Structures are given as C-alpha cells and as structure tokens.
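**Student:**
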Amino acid sequence: MDESSAKMTSVRHARKVANAFGGDLLLVQMLCGSADGQGPIDPVDWDIKKQRILIRLGLLTKGSEGNGTPCKIKLLEGECINQIKAFMELRRGDIAASPRSGGGMGWHSSETVWGVLSSRSAGILMIPDDAKIEPDTRYRRILVPLDGSSRAEAALPKATLLAKAETSEILLCYIAPEPGLTEFGSDDPEADRLHSLVRKRNDQAGRTYLAQIKKRLEHNGLNTSIKIRHGGDVRRALIDVILQDKADFVVMATHGQSGHGDVPTGDVARYVTDNADTPVLLVRCLSGRNGHHAFGTALPKEGRQPVGTD
7 MDESSAKMTS VRHARKVANA FGGDLLLVQM LCGSADGQGP IDPVDWDIKK
57 QRILIRLGLL TKGSEGNGTP CKIKLLEGEC INQIKAFMEL RRGDIAASPR
107 SGGGMGWHSS ETVWGVLSSR SAGILMIPDD AKIEPDTRYR RILVPLDGSS
157 RAEAALPKAT LLAKAETSEI LLCYIAPEPG LTEFGSDDPE ADRLHSLVRK
207 RNDQAGRTYL AQIKKRLEHN GLNTSIKIRH GGDVRRALID VILQDKADFV
257 VMATHGQSGH GDVPTGDVAR YVTDNADTPV LLVRCLSGRN GHHAFGTALP
307 KEGRQPVGTD
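Note that my numbering numbers the sequence shown so that position 186 is 192, with each residue one more than the last.
1. Return the chain-ordered ranges of every beta strand (DSSP E) run that is complete within the region 86–150 and spans a minimum of 3 residues.
2. Kindly identify the DSSP beta-bridge partner or partners of residue 16.
3. Any idea what DSSP makes of residue 202, helix, strand or coil?
4. With a cut-off of 8 Å, do at least 3 Cβ pairs link the region 222–235 to the region 163–178?
5. So, helix, strand or coil for residue 236, using DSSP?
6. With residue 165 and residue 257 assumed to form a contact (beta carbons below 8 Å), what rounded beta-carbon distance in angstroms separates them?
7. When burial is assigned at 16 or more other CB atoms within 10 Å of the CB, is residue 61 buried or exposed?
8. How about residue 33 and residue 55: are their beta carbons less than 8 Å apart?
9. Closest to residue 251 by CA distance: which of 283, 276 and 277 is it?
10. Return the chain-ordered list of same chain residues with a C-beta closer than 7 Å to the C-beta of residue 42, the five sequence neighbours on each side being excluded.
11. Would residue 82 and residue 89 qualify as a contact pair, given that the criterion is a beta-carbon distance under 8 Å?
12. According to DSSP, is residue 253 part of a helix, a strand, or is it coil?
13. Between the alpha carbons of residue 235 and residue 213, how many angstroms are there, rounded?
14. Quick one: is residue 120 buried, meaning 16 or more other Cβ sit within 10 Å of its Cβ, or exposed?
15. Measure the alpha-carbon distance for residue 64 versus residue 153 and round it to whole angstroms.
16. Start and end of the beta strand (DSSP E) containing residue 182?
17. Which residues share a DSSP beta bridge with residue 231?
18. Mapping DSSP to helix, strand and coil, what is residue 79?
19. Among 155, 145 and 148, whose alpha-carbon lies nearest the alpha-carbon of residue 291?
20. If you draw a straight line from the alpha carbon of residue 149 to that of residue 122, how long is it in whole angstroms?
21. According to the neighbour-count rule (16 or more other Cβ atoms, all chains shown, within 10 Å of its Cβ), is residue 13 buried or exposed?
22. Around the C-beta of residue 98, are 16 or more other C-beta atoms found within 10 angstroms, so that it is buried, or is it exposed?
23. Quick one: is residue 225 buried, meaning 16 or more other Cβ sit within 10 Å of its Cβ, or exposed?
24. If we ignore side chains and look at the alpha-carbon of each, how far apart do residue 124 and residue 144 end up?
25. Would you please state the rounded distance, in angstroms, between the beta carbons of residue 77 and residue 17? I believe it to be under 8 Å.
26. For residue 26, collect the residues of the same chain with a Cβ closer than 8 Å to its Cβ; drop the 5 residues on either side in sequence, then sort them by chain order.
27. Would you give the residue range spanned by the beta strand (DSSP E) that residue 32 belongs to?
28. According to DSSP, which residues form a beta bridge with residue 289?
29. Among the residues of its own chain, which have a CB less than 6 Å from the CB of residue 5, if the five just before and after it don't count?
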C-alpha cells in the first residue's frame, strides 16, 4: 500500500471513531528539520515544504470524507516527539491516533508513533496501514478484552459508544490464567487434581464475570457475546481471538490487573497493538477516580453497571 492510501485508511478509521464519540477530527502533520539536526534551514525551502504539505493534507481530507464532521488540519514544526507531546498536553481529553506500519517493526520504527504513545492523551488509536475500510463500511464486531480489573473495564464506555454508532456486536473476551506447576519432579496425582480444579474455577469465574457485563450491555440494547480462552500467553491468545472470531476493531485498556502506571502501556496492550491486523483503541484508566471507571457502583446480585450506558 502506498503512503497516500495508508493515510487515507487512517483518516477514515479516525473519522468513524470521532463520529461515534461526538468529537472533531484534527489531522496533524509534522514538519521536521534534517534527520541529523545539522546544518542551517533555508527559510524559502521550508516555506515551500509547508505549502506542499498543506495542499496534500487538504486533498487527503477531501478524499476521505464520508458522513460526519469535516476534518480540520494542523501543521506542527520542530522536533517531532517533543512537539507532539506538547501539543497533546493541551488536549489530554482527546484521543491521539497514528498509523502503524506493518512488518512487525513496532512503535519505535516511527518517531511520530512514539510521540503519540508517550503523550498523556485520554486514548491511543493505532491503525495498521493495511486495515482498509470504505466510508460506508461499519465495524461488525468489536473485541473488548477484560481480566476482571477495574482498569481493564475502563475500555467499556468507549466500546459501548462505538458499538452503538456502528451497530456492532461487542465480543467480551477473558483469557483464563493457567495454574502453574513446576516442570521438574515426580508425577503427582494430587497436584494434577488441584490443577484441574483451579482451571475449572478460573473458567467458571470468568464466565460468571462476563455474563454479568453481558447482561448489562444487552439491557441497553447492545448485541453482546462472550469468549473464554485458556492459554499461557495472554498476548498471543488475544491475537488468535481477533483472527478466529473476525473482530475488526479492538478496544482495550492501556493497563490491566498487573499493569504498572509508570509505563505508557502494559505488555499485553503493547503486543496486541503491535501485532493486530485491526485498529486498536487503547483507553487510559485514571486510577482512584471512580467516575472514570467503567463500573461506577457495585449492585447486589446483578453486578456493576457501566457508566454512560443507562
């Protein structure tokens, strides 16, 4: 896919998300100096580059238009990462979106992508270059991975809004942890029995947990299904679910049960975003502020109710 087609794809996905959340779409382009930062900048040449970029951005916004608000444009000049972080610092409540090149090179392959990732935006939307979509195509199935933590549940309000706008099915997924046993030592029938009991317990707990959320979402008119998977590697298990269940969009939290707040994302979120062939929206969880969690209050017998789904 050429660069213009990849950008068109990214803008179309970003516009659908903006429309679902009732937001505006701002297309930002970076204009940086020489790669090594050496040598003077010719002001005439710089101005010519600016004009060419603005023309291309204008053509891109027109070519990607569909239903919804038109796309605005913004040109940032200077050091890429610092400019993006400074720009998003003033827009913390916004979602920062970026195309992601294929080939498994990861986020570090692009300064722009790294700037988006390390910003303090409310969400991060990563869009693979080859995730083609037409303006009138809807998302049929949205995958929401959950692990039982309030952090992971922070993805549900965004997934709900997007599913309502796109009339999508929400697929709630829980990867049940495998009980660990040492690989050395003699055979132990009792250990095997306990392993089986814990495995069944994890499976049942996951089904009960997802069923409670499913009930709430369906109460609000959303088509919802659940998926339980067993596997030692949660990251690869989620990629398998995306492929096997044909999910065409993923909404998940930047951090889950075992996440550490001193890094931009957890290992699972990063792996999925690097390897999924669909757009992935990472939602930040503001710990300690109950109103920003997917579930505001615990209700007896019926579980907890997602904020914003009444």
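In this text, a Cβ means the ideal position worked out from N, Cα and C, and glycines have one as well.
Quantities reported herein were computed from a predicted structural model and do not represent experimental measurements.
**Tutor:** Straight from the coordinates:
1. 101–106 and 129–134
2. For residue 16, which the question treats as bridged, DSSP gives no partner whatsoever.
3. helix
4. Segment contact: the region 222–235 against the region 163–178, three or more CB-CB distances shorter than 8 Å; contact assigned.
5. strand
6. Between residue 165 and residue 257 the beta-carbon gap is near 4 Å, inside 8 Å, which marks them as a contact.
7. exposed
8. At the C-beta level, residue 33 and residue 55 stay beyond 8 Å of one another.
9. 283
10. Its pLDDT being 49, under 50, residue 42 is placed unreliably in this model, and the value from its coordinates should be taken loosely. Cβ neighbours of residue 42 beyond the five flanking positions: none.
11. Yes, the pair counts as a contact, with Cβ atoms nearer than the cut-off.
12. coil
13. 10 Å
14. buried
15. 42 Å
16. 175–182
17. 177
18. Here residue 79 sits in strand by DSSP.
19. 155
20. 23 Å
21. buried
22. Exposed, since its Cβ has fewer than 16 Cβ neighbours within 10 Å.
23. exposed
24. Using only the alpha carbons, I get a separation of about 30 Å.
25. 6 Å
26. 167, 168, 170, 171 and 172
27. 31–37
28. 129 and 259
29. Lying outside 7 to 316, the shown extent of the chain, residue 5 is not represented and no answer is given.
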